[in-house]
Amino acid sequence: MPPLSSERAARRVLWREAVVRDVVVETPRARTLALDVPDWPGHRAGQHLDVRLTAEDGYQAERSYSIASAPELDRVELTIELVDDGEVSPYFVEVVEPGDVFEVRGPVGGHFTWSADSGPEPLLLIAGGSGLVPLMAMVRHRAARASTVPTTLLVSARSPEDLLYADELVDAPALSIARTYTRTQPPGWTGFARRVNHDMLRAVAPAPDSGARVFVCGPTPFVELVTGLLVDLGFPPRTIHAERFGPTGGTS
Amino acid sequence: MPPVSRGFLGRRRPDVDPARLPPGQYFTPDFPVLSAGPTPHVPLAEWSLTIDGAVDAAVTWSWEELLALPAEELTVDIHCVTKWSKFDTTWKGVSLDTLLEGVETEADYVTAWADGDYTTNLPLEDLLDGKAWIAYEYGGEPLDPEHGGPARLLVPHLYFWKSAKWIRRLTLTGDDVPGFWEAAGYNNYGDPWREQRYWND
Amino acid sequence: MSDDADHQDGNALAGLLSGVFAADITTVVRRCAFCGDASPLGAHRLYRAAGLVLRCPSCSDVALRAVERDGSVSVTWAGVFEVPTPTASA
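So the sequences go chain by chain: A, B and C. Counting the first sequence from 1 gives a position; our numbering is that position plus 136. Counting the second sequence from 1 gives a position; our numbering is that position plus 65. Counting the third sequence from 1 gives a position; our numbering is that position plus 59.
Here's what the structure looks like:
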């Protein structure tokens, strides 16, 4: 990723006030917020925003949320999932309405990004729960650019009700999508129904020596498990990019 | 003042006695796990606690020996420099007065060494006169590894980074040697009541 | 190498340290002072303690400590950081 000019860099560095334009219910526990962010410099698929909330007594809480929307979209979208006993996620899932404001910083994060210009190598995306958000930005960007990079998305969710973007996750030319439901499965389900393991990866992933770029995202235990499996299978560690959301999968 | 986000309260914070809350702190009912690195796991058979440095003779206790010492149960408020305070935490441990009894020294300072290569420094007098313990129980249970078990230093009158988790050694020194956070921007002493968070406070 | 779940990675530091370099910090490669391995900061392990601690993914050596306060962040570095120099491109 090329270094930024100082002016573009400055726009990402400062906290700015974002306004909620729209709230969409993705699942019972997840919302997508469309934001208006002043001086939006554009982003790369995989990047995130830091978000800061201030309460009336001055108390502040900060979190980071991956950008769900493709760079080609005319608005910035975050998808936020409720974390049990979380401090910040309940605000976004249960309270926020269009017109509400909070501060954002970014977009940031070049290590965990993919662009259709990155090269023809296959793309392997592995998501645990809300780890699907930045990977979906990559899938949407790929579609917007009509890229033909062979892409595999494996998403692990607890149940069909928890699966984000379910209606959008359909196979397409050079794009194959696999799901595993680890707790409850849809009626008549014949697909994967367990935690990701070697066999599942062997079944869906491109060959370890195909030069694939791999992106793994989700709760830290999921990422540590999957990256370990990938290395076991022979994927070169340098080709594996990981983003760990922390112990609960949303830093609450 | 940054924009207030309508309806954001953070966690429910019941009314607390403001006299118990140091400046800039917020009460929390939780006990956040904050660690500078991966949780160490030392078998108790290999665990020891040592007091050494500017002393006539170093002293070491094995785990069994530590547990055999007279222990106290105490209830204290704790204050983290990241702005949360937790009230009425209950611990069991051995007072540093007990451990330092009979230790001859002219040193004024202590460096606390912990597993995971963590250090913190304090004046020796801040470990004396009922102000510090080696704690091995929290809430009536053996101290959880993620909270510093098997044993941690407990110095509640200072910000909680001084209460080194996974404590293994107290080295008495003539000079004050800044520890892991003291050398990285936090205050050398860390009194929450004078809000001594940062190096130039 | 680390079996605990309580860490993230250097991607989560990108915002806080975005003002430090003219380059994205997550792609800056650090050569570890202890084990010699080179990896991008985005792949380093991030721990949240009194401040933030970034550790080498190979050996856990401390790469960086960050203490955030109003108006500034104290950053302590160890190891060799390969920082791309800015170009004239906008």
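Virtual Cβ for every residue (Gly too), placed ideally from N, Cα, C.
Put PHE248/A into one of helix, strand or coil per three-state DSSP. For the purposes of this step, residue 248/A is taken as residue 112 along the first sequence, with counting starting at 1. Coil.
For ASP68/C, which residues in the same chain have their Cβ closer than 7 Å to its Cβ, ignoring the five residues on either side in sequence? Indexing the third sequence from 1 puts residue 68/C at position 9. Same-chain partners within the cutoff: GLY101, ALA102, HIS103, ARG104 and LEU105.
Specify the secondary structure class of THR176/B as computed by DSSP and reduced to three states.
Position 111 of the second sequence, counted from the start, is the residue given in the question as residue 176/B. If DSSP states are grouped into helix, strand and coil, THR176/B belongs with the strands.
| query | Can you find a CB in chain C that lies within less than 8 Å of the CB of ALA179/B? | reply | Working through the second sequence from its first residue, we reach residue 179/B at position 114. Taking Cβ atoms only, chain C never reaches closer than 8 Å to ALA179/B, which makes this a no.
Worksheet entry | Residue(s) in a DSSP beta bridge with TRP176/A | Taking the first residue of the first sequence as position 1, residue 176/A is located at position 40. In DSSP, TRP176/A forms no bridge with anything.
On a CA-only basis, which of LEU86/B, SER150/B, ASP180/B and LEU235/B is nearest ASN186/B? Give me that one, please.
In the second sequence, counting from the first residue as 1, residue 186/B sits at position 121. Of the candidates LEU86/B, SER150/B, ASP180/B and LEU235/B, the one whose C-alpha sits nearest the C-alpha of ASN186/B is LEU235/B.
8 Å Cβ shell around LEU134/B - same chain, five flanking residues per side excluded: Position 69 of the second sequence, counted from the start, is the residue given in the question as residue 134/B. Excluding sequence neighbours, LEU134/B sits near TRP126, VAL159, THR163 and LEU164.
- Distance between beta carbons of ALA172/B and ALA119/B, contact taken as under 8 Å: Along the second sequence, read from residue 1 onward, the residue named residue 119/B stands at position 54. Along the second sequence, read from residue 1 onward, the residue named residue 172/B stands at position 107. Indeed, because the Cβ distance is near 4 Å, the residues count as touching under 8 Å.
Just verifying my parser: in three-state terms, what is the DSSP assignment at THR363/A?
Looking up residue 363/A in the first sequence gives position 227. If DSSP states are grouped into helix, strand and coil, THR363/A belongs with the helices.
#### Entry: Proximity test, Cβ basis, 8 Å: ARG188/A and chain B
Taking the first sequence and counting its residues from 1, one reaches residue 188/A at position 52. Cβ-Cβ to chain B under 8 Å: yes for ARG188/A.
Quiz item: If you draw a straight line from the C-alpha of ALA137/C to the C-alpha of CYS115/C, how long is it?
Solution: Along the third sequence, read from residue 1 onward, the residue named residue 137/C stands at position 78. Along the third sequence, read from residue 1 onward, the residue named residue 115/C stands at position 56. Approximately 10 Å between the Cα atoms of the pair.
Practice problem: Using DSSP bridges, identify the partner residues of LYS230/B. | Solution: Mapped onto the second sequence, residue 230/B falls at position 165. Note: LYS230/B sits in no beta bridge, so no partner.
* **Where the region 344 to 378 of chain A meets chain B: residues whose CB sits under 9 Å from a CB there** => none
Using the beta-carbon count (16 or more within 10 Å), is GLU217/A buried or exposed? Here residue 217/A corresponds to residue number 81 of the first sequence, with the count starting at 1. By the neighbour-count rule (16 or more Cβ atoms within 10 Å), GLU217/A is buried.
### Task
Assuming VAL112/C and ALA101/B form a contact by the criterion Cβ under 8 Å, report the distance between their Cβ atoms to the nearest whole angstrom.
To locate residue 112/C, count along the third sequence from 1; it is residue 53. To locate residue 101/B, count along the second sequence from 1; it is residue 36. About 5 Å; that satisfies the 8 Å criterion.
(request) Using alpha carbons as the reference points, say which of PRO221/B, PHE245/B, HIS212/B and THR238/B lies closest to LEU99/B. (result) The sequence position of residue 99/B within the second sequence is 34, counting from 1. If we check each option's Cα against that of LEU99/B, HIS212/B comes out closest.
| request: Could you confirm whether any beta carbon from chain B is found closer than 8 Å to the beta carbon of SER98/C? | output: Mapped onto the third sequence, residue 98/C falls at position 39. No, SER98/C does not count as interfacial toward chain B.
**OP:** Return the residues of the region 217 to 250 of chain B that lie within a Cβ-Cβ distance of less than 9 Å from chain C, sorted by chain order.
**Re:** TYR224, PHE225, TRP226, PHE245, TRP246, ALA248, ALA249 and GLY250
| ASP68/C touches chain D at which residues, Cβ-Cβ below 8 Å? | The structure shown contains no chain D; the protein chains it does contain are A, B and C.
Contact the region 108 to 116 of chain B vs the region 84 to 98 of chain B: 3+ CB pairs below 8 Å
no
TODO: Using beta-carbon positions only, say whether ALA252/A and ARG281/A come within less than 8 Å of one another.
DONE: Within the first sequence, numbered from 1, the residue matching residue 252/A stands at position 116. Within the first sequence, numbered from 1, the residue matching residue 281/A stands at position 145. Cβ distance < 8 Å, so ALA252/A and ARG281/A count as in contact.
Distance, GLU130/B Cα to ALA136/B Cα: Position 71 of the second sequence holds residue 136/B. Position 65 of the second sequence holds residue 130/B. Each residue's alpha carbon lies about 12 Å from the other.
### Task
With DSSP collapsed to three states, give me the class of ALA216/B.
Start at 1 with the first residue of the second sequence, and residue 216/B comes out as number 151. Looking at ALA216/B - three-state DSSP - the assignment turns out to be coil, as it is neither helix nor strand.
request  = Identify every run of the beta strand (DSSP E) within the region 175 to 224 of chain A, keeping only runs that are complete inside it and at least 3 residues long; order them along the chain.
outcome  = 184 to 190, 196 to 202 and 212 to 217
**OP:** Counting only runs of 3+ residues fully inside the region 236 to 324 of chain A, write out the beta strand (DSSP E) ranges in chain order.
**Re:** 237 to 244, 259 to 264, 287 to 293 and 311 to 317
Cβ-based burial, GLU360/A [other Cβ within 10 Å; buried from 16]:
Taking the first sequence and counting its residues from 1, one reaches residue 360/A at position 224. GLU360/A comes out buried.
- request: Give me the Cβ distance between LEU171/A and VAL212/A, rounded to the nearest whole Å; I'm assuming they're in contact under 8 Å.
  value: Here residue 171/A refers to the residue found at position 35 when the first sequence is read from its first residue. Here residue 212/A refers to the residue found at position 76 when the first sequence is read from its first residue. Confirmed, about 5 Å.
Fill in: Cβ of THR86/C within 8 Å of any chain B Cβ
Locating residue 86/C in the third sequence gives position 27, where the first residue counts as 1. It does not; no Cβ of chain B falls within 8 Å.
Point to revise | chain B contacts made by the region 93 to 117 of chain C, where a contact means CB separation under 7 Å | key: TYR106, ARG107, ALA108, ALA109, GLY110, VAL112 and ARG114
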